[in-house]
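Numbering (my numbering), first residue to last: 118 to 424. Read through the structure below, which is laid out as structure tokens, and then see the notes.
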Amino acid sequence: MKKSRLLLATVPLLVVLTACGGGAQDDGRTSVIASSYPFAFVAERVGGSAVDVSNLTAPGTEPHDLELKPKQVASVQDADLVVYQKDFQAAVDQAVEQAGRSDDDTIDVASLVKLLPNPSEEGEHHADDGHDHGDADPHTWLDPRTMIALTEAVQAGLSSIDPEHAADYRANADQLVDELTALDEDLSAGLRACRTRTIVTSHAAFQYLAARYGLEQVAIAGLDPTNEPSPSQLGDISRLVRAEKITTIFTEELVSPAIANTIAKETGATTATLDPIEGLSDQTKDETYLTLMRRNLDTLKKANSCQ
Numbered sequence: 118m119k120k121s122r123l124l125l126a127t128v129p130l131l132v133v134l135t136a137c138g139g140g141a142q143d144d145g146r147t148s149v150i151a152s153s154y155p156f157a158f159v160a161e162r163v164g165g166s167a168v169d170v171s172n173l174t175a176p177g178t179e180p181h182d183l184e185l186k187p188k189q190v191a192s193v194q195d196a197d198l199v200v201y202q203k204d205f206q207a208a209v210d211q212a213v214e215q216a217g218r219s220d221d222d223t224i225d226v227a228s229l230v231k232l233l234p235n236p237s238e239e240g241e242h243h244a245d246d247g248h249d250h251g252d253a254d255p256h257t258w259l260d261p262r263t264m265i266a267l268t269e270a271v272q273a274g275l276s277s278i279d280p281e282h283a284a285d286y287r288a289n290a291d292q293l294v295d296e297l298t299a300l301d302e303d304l305s306a307g308l309r310a311c312r313t314r315t316i317v318t319s320h321a322a323f324q325y326l327a328a329r330y331g332l333e334q335v336a337i338a339g340l341d342p343t344n345e346p347s348p349s350q351l352g353d354i355s356r357l358v359r360a361e362k363i364t365t366i367f368t369e370e371l372v373s374p375a376i377a378n379t380i381a382k383e384t385g386a387t388t389a390t391l392d393p394i395e396g397l398s399d400q401t402k403d404e405t406y407l408t409l410m411r412r413n414l415d416t417l418k419k420a421n422s423c424q
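Now the structure itself:
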């Protein structure tokens, strides 16, 4: 009698455990963990319906400040493929290292492109308020050519892990490469002839975009958007805005606009949103990398009087 009661008592527990065990790996799809939105976007587009993609950086979260929950750390261990960028999010770097993942099932975006130096210290080792970004600027995805390289890497990775869907991954990647190439061409054409080539931004996120299209970034904060400038730096920026007759100070969705608004008020400039696309917000949750980059193009053309 006691044994019967014990068996009956364990049935609900087994049901609960079975229900909790369901997930991407149980439904036959390849599981991908992406550290932030731009990388998740590529994985979703290339993987299509054959892939389950989880983004470690929730919408509205500043990715520089990402802290992982134990469940997320475990997901880095268990995923079929992890897409991240070393020296961008320390918590992710630590989770990847702890997982002991190999190059066969991990894509480090930093290994796909030529990294630009940290603009805050002209390449010297620099930490912004405890966020160590090393010697390089991590905002690689703002150059569409980086996203093309990532698309090809994700296609190769998924095809190796899941050869049954390799043809689908190839077709999806080709489609995305075409769209990214068109974006690159439109940015090149749209920013070719501008009255001013200087952009004053909330933080130093736009170096790759500026380098690709011949612009000069002047950042209010460093790589970490929470790192506030000194009064002398603010004075230098204000003088530059007046001297070059810059009409627009660029703010961001996930960063407080307070300092940018102050500079704009002091110099007679206006403000506009230039999205670093580090993550989505409540205002941009229905957008994609492609639509946000095109919105950035329109904003830049208007602010810098581009023909």
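All C-beta atoms, glycine included, are put in the ideal place defined by N, C-alpha and C. Values in this document were obtained by computation on a predicted structure and should not be read as measured data.
- Distance, Cα to Cα, GLU232 vs GLN324? For the purposes of this step, residue 232 is identified with residue 115 of the sequence shown, where counting begins at 1. For the purposes of this step, residue 324 is identified with residue 207 of the sequence shown, where counting begins at 1. For the record, residue 232 in the displayed sequence is Leu; it is not Glu. In a straight line, the C-alpha of LEU232 is about 10 Å away from that of GLN324.
- What residue does the alpha helix (DSSP H) around GLU429 start on, and which one ends it? Any property of residue 429 remains undetermined from this structure, which presents the chain solely from 118 to 424.
- Pull up the distance between the alpha-carbon of ALA336 and that of MET264, whole angstroms please. Here residue 336 refers to the residue found at position 219 when the sequence shown is read from its first residue. Here residue 264 refers to the residue found at position 147 when the sequence shown is read from its first residue. In a straight line, the C-alpha of ALA336 is about 23 Å away from that of MET264.
- Would you report the Cα separation of ASP252 and LEU340, rounded to the nearest angstrom? Against the sequence shown, residue 252 aligns to sequence position 135. Against the sequence shown, residue 340 aligns to sequence position 223. If I take the Cα positions, the gap works out to 11 Å.
- DSSP three-state call for PHE205: helix, strand or coil? For the purposes of this step, residue 205 is taken as residue 88 along the sequence shown, with counting starting at 1. Three-state result, PHE205: coil.
- Task: Label HIS243 either buried or exposed according to how many other C-beta atoms from any shown protein chain fall within 10 Å of its C-beta, with 16 as the threshold for buried.
- Result: Position 126 of the sequence shown, counting from 1, holds the residue named residue 243. With a pLDDT of 34 at HIS243, under the threshold of 50, the predicted position of this residue should be treated as unreliable, and no value is reported.
- Which residue's Cα is closest to the Cα of GLY103: PRO342, ASP182, GLN215 and GLN292? No answer is possible for residue 103: it lies beyond the span of the chain, which begins at 118 and ends at 424.
- Under the rule that 16 or more other beta-carbon atoms within 10 Å means buried, what is ALA104, buried or exposed? The displayed coordinates of the chain run from 118 to 424. Any statement about residue 104 would go beyond what the structure contains.
- Query: By how many angstroms is the C-alpha of GLU361 removed from the C-alpha of ALA227?
  - Reply: Stepping through the sequence shown from its first residue, residue 227 is reached at position 110. Stepping through the sequence shown from its first residue, residue 361 is reached at position 244. Roughly 34 Å separates the two Cα atoms.
- Out of LEU326, GLY307 and GLN334, state which residue places its alpha-carbon closest to the alpha-carbon of ILE316. Here residue 316 refers to the residue found at position 199 of the sequence shown. Cα-wise, what sits closest to ILE316 is GLN334.
- Could you name each continuous beta strand (DSSP E) segment of 3 residues or more that falls completely within the stretch 304–341, going from the start of the chain to the end? 315–320 and 333–338
- The beta strand (DSSP E) with ASP225 in it runs from where to where? Sequence index remark: in the sequence shown, residue 225 carries index 108 (1-based). Taken as a continuous stretch (DSSP letters only), the beta strand (DSSP E) holding ASP225 covers 223–225.
- Message: Quick check for students: name the residue ranges of the beta strand (DSSP E) that lie wholly in the stretch 156–188, counting only runs of 3 or more.
- Response: 168–172
- Message: My output table needs one value for PRO193: the three-state DSSP class, helix, strand or coil.
- Response: Numbered from 1 along the sequence shown, position 76 holds the residue referred to as residue 193. The amino acid occupying residue 193 in the given sequence is Val; Pro does not appear at that position. Helix, per DSSP.
- Item | Where ALA386 sits in the DSSP three-state scheme | Counting from one through the sequence shown, the residue named residue 386 turns up at place 269. If DSSP states are grouped into helix, strand and coil, ALA386 belongs with coil.
- Query: Shortest alpha-carbon distance to GLY177 belongs to which of GLN400, LEU414, ASN413 and ASP415?
  - Reply: The residue labelled residue 177 in the question sits at position 60 within the sequence shown. When each option's Cα is compared against that of GLY177, the closest is GLN400.
- Would LEU173 pass as a contact of ILE150 if the rule is Cβ separation under 8 Å? Residue numbering aside, residue 173 sits at position 56 when the sequence shown is read from its first letter. Residue numbering aside, residue 150 sits at position 33 when the sequence shown is read from its first letter. Contact flag set, yes.
- Query: Taking contact to mean at least 3 C-beta pairs separated by less than 8 Å, is the stretch 303–310 in contact with the stretch 350–366?
  - Reply: no
- Message: By alpha-carbon positions, which one of ALA196, THR364, VAL193 and GLY396 ends up nearest to LYS419?
- Response: If you number the sequence shown from 1, residue 419 lands on position 302. Closest by alpha carbon: THR364.
- Message: Quick check on LYS186: buried or exposed, where buried means 16 or more other Cβ atoms within 10 Å of its Cβ?
- Response: Indexing the sequence shown from 1 puts residue 186 at position 69. Classification of LYS186: exposed, given that the 10 Å Cβ count is below 16.
- Task: Could you spell out the range, first to last residue, of the alpha helix (DSSP H) harbouring ALA266?
- Result: For the purposes of this step, residue 266 is taken as the residue at position 149 of the sequence shown. That run of the alpha helix (DSSP H) goes 261–278.
- Taking Cβ positions, are ILE278 and LEU198 nearer each other than 8 Å? Here residue 278 refers to the residue found at position 161 of the sequence shown. Here residue 198 refers to the residue found at position 81 of the sequence shown. Yes.
- Query: CA-CA distance, ASP204 and THR298?
  - Reply: The residue given as residue 204 occupies position 87 in the sequence shown. The residue given as residue 298 occupies position 181 in the sequence shown. Distance between the alpha carbons of ASP204 and THR298: 27 Å.
- Could you tell me if ARG356 is buried or exposed, where buried requires 16 or more neighbouring beta carbons within 10 angstroms of its beta carbon? Indexing the sequence shown from 1 puts residue 356 at position 239. When all chains shown are included, ARG356 counts as exposed.
- Task: Alpha carbon to alpha carbon, how far is ASP254 from GLY240? Give it in angstroms, no decimals.
- Result: Here residue 240 is taken as the residue at index 123 of the sequence shown, counted from 1. Here residue 254 is taken as the residue at index 137 of the sequence shown, counted from 1. Legend: pLDDT at GLY240 = 34, less than 50; position of this residue unreliable, no value from coordinates given.
- Message: Assuming the contact rule is C-beta atoms closer than 8 Å, ARG146 and ALA160 should be a hit. Round their C-beta distance to whole Å, please.
- Response: By 1-based counting over the sequence shown, the position of residue 146 is 29. By 1-based counting over the sequence shown, the position of residue 160 is 43. Actually they do not touch by this definition, with Cβ atoms about 12 Å apart.
- Opposing strand residues paired with THR365 [DSSP bridges]: For the purposes of this step, residue 365 is taken as the residue at position 248 of the sequence shown. According to DSSP, which records beta bridges pairwise, THR365 is partnered with THR387.
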